[in-house]
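Written below as structure tokens is the structure these notes are about.
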Amino acid sequence: MTDFSPQLSRIGAICHGFGNKSALLPPCLQPYQASQANKKQVHGTTIIDVAESRQECGEADGLYTTQPGILLTVLTADCLPVIFSQRQGKGIAVVHAGWRGLLDGIILQMVERIARDDDPANWLAAIGPAARSCCYEVNEELVERFINQLPLAKNIISPRFRHLNLAAIAEHQLRGAGIHQVDRVGSCTLCTTAQYAEGDNESHFKYTSFRRTSQQQAIDPTHPGIKGRNQYSGLIILP
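The sequence shown maps to residues 4 to 242 in the numbering used here.
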């Protein structure tokens with residue numbers, strides 16, 4: 004089942020959704036796939052303005068547009084997908100934010116881009132399915148980098164020993180930068196299970212996960228990778 008933001012769902016001028024293994028591109032966005040802006044995600048902080056359908060954006064981890072009829076998406080498989088909309092749907096944006104992007108400030112860069120056209124308080128954001136603090140274990144050095152570089156309380160950054168809470172970090176960055184209405188949508192990409200069909204008694208993982216797949220490949224080298232199985236999250240100003 005596709006994940007949706009309750010707040011963004013109330014904006015009639017846009018269509019949005021967060022993908023999963025059963026529907027990599029949310030069904031509501033599939034009719035607009037041909038208009039999709041294309042980019043190469045590199046865990047950076049580059050944000051590109053999209054002005055036309057099917058625009059080739061090069062290396063970028065954030066896209067912004069005020070043009071109707073252009074689908075903006077990010078691909079994720081543990082990193083955070085963050086989607087943005089102006090309250091009346093007059094502008095939209097997407098961000099791919101892993102730990103590098105969060106640490107380097109891609110969310111703040113996007114809010115700065117929004118602020119060039121509008122007051123960020125007029126915008127809403129939704130943070131989608133990603134590795135959550137229940138499963139996202141890292142080394143102590145990386146936790147210390149976050150604590151030393153970000154002006155956030157330690158229990159927000161790392162509520163459990165050697166675990167990062169990417170969604171909480173992103174939400175605090177958004178609110179601190181002036182976007183006060185923020186939804187957290189979906190759940191942990193590593194451990195969330197779902198039943199896909201009526202009468203199906205077997206639990207399946209709901210989301211594609213890079214980390215879980217890597218762990219499975221370490222046990223079984225023939226286990227398939229995630230290429231072509233990343234989930235799309237995105238939105239469009241309806242044409």
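Positions of the beta carbon are idealized from the N, C-alpha and C atoms, including for glycine. Nothing here was measured: the structure is a model prediction, and the numbers come from that model.
With DSSP as the reference, identify every bridge partner of residue i, one or two as the case may be.
i: serine 88; result: Ile95 and Leu127
i: asparagine 233; result: Per DSSP, none; premise fails for asparagine 233.
i: alanine 26; result: Asn23
i: tyrosine 67; result: Asp52 and Ala96
i: isoleucine 110; result: Per DSSP, none; premise fails for isoleucine 110.
i: valine 77; result: Ser236
i: glutamine 184; result: Leu127
i: cysteine 191; result: Ala133
i: threonine 196; result: Phe208
i: cysteine 18; result: Ile239
i: aspartate 6; result: Phe21
i: leucine 83; result: Ala100
i: lysine 43; result: Glu62
Since I believe residue j is in contact with residue i (beta carbons under 8 Å), could you give me their beta-carbon distance rounded to a whole number of angstroms?
i: glycine 237; j: isoleucine 73; result: The Cβ separation is near 10 Å, so there is no contact.
i: glycine 181; j: isoleucine 109; result: About 16 Å separates the two Cβ atoms, so there is no contact after all.
i: leucine 127; j: leucine 241; result: Actually they do not touch by this definition, with Cβ atoms about 16 Å apart.
i: arginine 116; j: glutamate 143; result: Incorrect: roughly 34 Å between the Cβ atoms, too far for contact.
i: glutamine 44; j: leucine 78; result: 6 Å
Please name the residue in the options whose C-alpha comes closest to that of residue i.
i: tyrosine 139; options: Gly101, Ile50, Gln36 and Pro227; result: Gly101
i: glutamine 112; options: Gln184, Asp186, Tyr67 and Val53; result: Tyr67
i: glutamine 152; options: Ile222, Phe164, Arg163 and Gln176; result: Gln176
i: alanine 129; options: Gln33, Val45, Ala16 and Glu174; result: Glu174
i: aspartate 81; options: Thr225, Thr195 and Ala221; result: Thr195
i: aspartate 120; options: Pro162, Pro29, Pro224 and Gln89; result: Gln89
i: histidine 46; options: Arg165, Gln184, Leu105 and Gln220; result: Leu105
i: proline 34; options: Arg103, Asn41 and Cys18; result: Cys18
i: arginine 13; options: Gln91, Ala197 and Asp122; result: Gln91
i: serine 8; options: Pro84, Ala37 and Pro71; result: Pro84
i: serine 56; options: Thr49, Thr48 and Pro71; result: Pro71
i: alanine 40; options: Val53, Leu32, Leu28 and Pro29; result: Val53
i: arginine 163; options: Arg178, Leu155 and Val146; result: Val146
i: valine 141; options: Thr225, Arg178, Thr69 and Ser161; result: Ser161
i: proline 154; options: Asn168, Ile172 and Leu167; result: Ile172
i: glycine 179; options: Pro123, Gly131 and Gly228; result: Pro123
i: proline 224; options: Gly15, Thr216 and Gly231; result: Thr216
i: isoleucine 229; options: Ala16, Thr5, Ile50 and Leu27; result: Leu27
i: leucine 167; options: Gln184, Arg148, Val185 and Ser38; result: Arg148
i: alanine 103; options: Asn125, Val185, Ala118 and Thr49; result: Looking at the sequence shown, residue 103 is not alanine but arginine. With distances taken between Cα atoms, arginine 103 lies closest to Thr49.
Inter-stretch contact at 8 Å, needing at least 3 Cβ pairs: the stretch 15 to 35 / the stretch 207 to 216: yes
Give the list of continuous alpha helix (DSSP H) stretches no shorter than 4 residues that lie fully inside the stretch 115 to 181. 143 to 152, 157 to 160 and 169 to 180
On the three-pair Cβ rule with 8 Å, is the stretch 127 to 135 touching the stretch 187 to 199? yes
Evaluate the contact criterion for the stretch 91 to 107 versus the stretch 55 to 62: three or more CB pairs, one atom per stretch, below 8 Å. no
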